[in-house]
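Notes for the one structure printed next.
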Amino acid sequence: MTQYIHRPHGRYGATGVLSGLHPMARAIAAAFTLAVPLAACDGAPGTDTATETRPAATGISVERPWSRETAAGQDAGGGFLTIHNAGDEADRLTGGATPIAGDVQIHTVDMEGGVMRMRELAEGLDIPAGETVTLAPGGYHIMLMGLREPLARGAGVPLTLEFERAGTIAVTLDVQPIGAEGPAEGQDD
Numbered sequence: 001m002t003q004y005i006h007r008p009h010g011r012y013g014a015t016g017v018l019s020g021l022h023p024m025a026r027a028i029a030a031a032f033t034l035a036v037p038l039a040a041c042d043g044a045p046g047t048d049t050a051t052e053t054r055p056a057a058t059g060i061s062v063e064r065p066w067s068r069e070t071a072a073g074q075d076a077g078g079g080f081l082t083i084h085n086a087g088d089e090a091d092r093l094t095g096g097a098t099p100i101a102g103d104v105q106i107h108t109v110d111m112e113g114g115v116m117r118m119r120e121l122a123e124g125l126d127i128p129a130g131e132t133v134t135l136a137p138g139g140y141h142i143m144l145m146g147l148r149e150p151l152a153r154g155a156g157v158p159l160t161l162e163f164e165r166a167g168t169i170a171v172t173l174d175v176q177p178i179g180a181e182g183p184a185e186g187q188d189d
């Protein structure tokens, strides 16, 4: 008696389009199938927000971006955050941009003759390799100059930071009450 074995899915018993191919040919075809979608990716970063942090190719990441609300008619506001440089080379924060202000500047506060004075860091702020730099009230900070609208408590202010080596990193400043000394509790990034 002749016995017939039914193999509806090809010579090797596998299912799918590649089932009739030799195992090595199947492996090569599968590799190309996976490689094509990856090649189509341009590697462009997504938009970072207050709850996201993205290390740039140079090791720069930004956490806890926040601001204080401003009064109506106030034409400037501050931005605060923490910058980590996990890279092997120093970088520099050189500026930024936001749709709600005419200019974004990097500032520090110095003591002159017993008086605290704010001044712009025209050359930017160095971020040493392997270090963390905190921008906070009373020290290094970002100034949003020429505000087009007040910074409202609870709002998110889009801000693109510009670094000498890392390029641009987009964050969202979480606007806190006027007297706040830091970001909202539980704001990790």
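With our numbering, the residue at position 87 of the sequence shown is 87, and numbering never jumps.
Where a beta carbon is used, it is the ideal one built from N, C-alpha and C, also for glycine.
Asked                                                                                                                                                                    : Found
Helix, strand or coil for Ala101? Go by DSSP, reduced to three states.                                                                                                   : strand
In whole angstroms, what separates the C-alpha of Ile28 from that of Phe163?                                                                                             : Low per-residue confidence applies at Ile28: pLDDT is 41, beneath 50, and the placement is therefore not dependable, though the value from the model is reported in the following sentence. Rounded to the nearest angstrom, the two C-alpha atoms are 42 Å apart.
Evaluate Pro137 with the Cβ neighbour count: other Cβ atoms within 10 Å of its Cβ, from every protein chain shown; 16 or more gives buried, anything less gives exposed. : exposed
Just how far apart, CA to CA, sit Gly139 and Asp88?                                                                                                                      : 25 Å
In chain order, what residues of the same chain have a beta carbon less than 7 Å from the beta carbon of Ala72, not counting five sequence neighbours either side?       : Pro150
Name the DSSP bridge partner or partners of Ile178?                                                                                                                      : In the DSSP output, where bridge partners are listed per residue, Ile178 has none listed.
With distance defined between alpha-carbon atoms, name the residue in Thr82, Gly59 and Gly77 nearest to Gly179.                                                          : Gly77
Around the C-beta of Thr132, are 16 or more other C-beta atoms found within 10 angstroms, so that it is buried, or is it exposed?                                        : exposed
Give the DSSP-derived three-state secondary structure of Ala184 in the structure shown.                                                                                  : coil
Using DSSP's beta-bridge definition, name the partner residues of Glu112.                                                                                                : Val115
Which same chain residues end up closer than 7 Å to Gly146 when comparing Cβ atoms and leaving out the 5 residues on each side of it in sequence?                        : Asp75, Ala101, Gly102 and Asp103
Please say whether Arg165 and Gly124 have beta carbons closer to each other than 8 Å?                                                                                    : no
Thinking just about the alpha-carbon of each residue, which of His107, Gly95, Gly114 and Gly154 is nearest to the one in Gln176?                                         : Gly154
In the structure shown, what three-state DSSP assignment does Ala44 receive?                                                                                             : Bear in mind that a pLDDT of 41 at Ala44, under 50, signals an unreliable position, so the number given afterwards is only what the model happens to contain. Coil at Ala44, not helix or strand.
Near His141, which residues of its chain fall below 7 Å by C-beta distance, leaving aside the five closest residues on each side in sequence?                            : Gly78, Gly79, Phe80, His107 and Leu135
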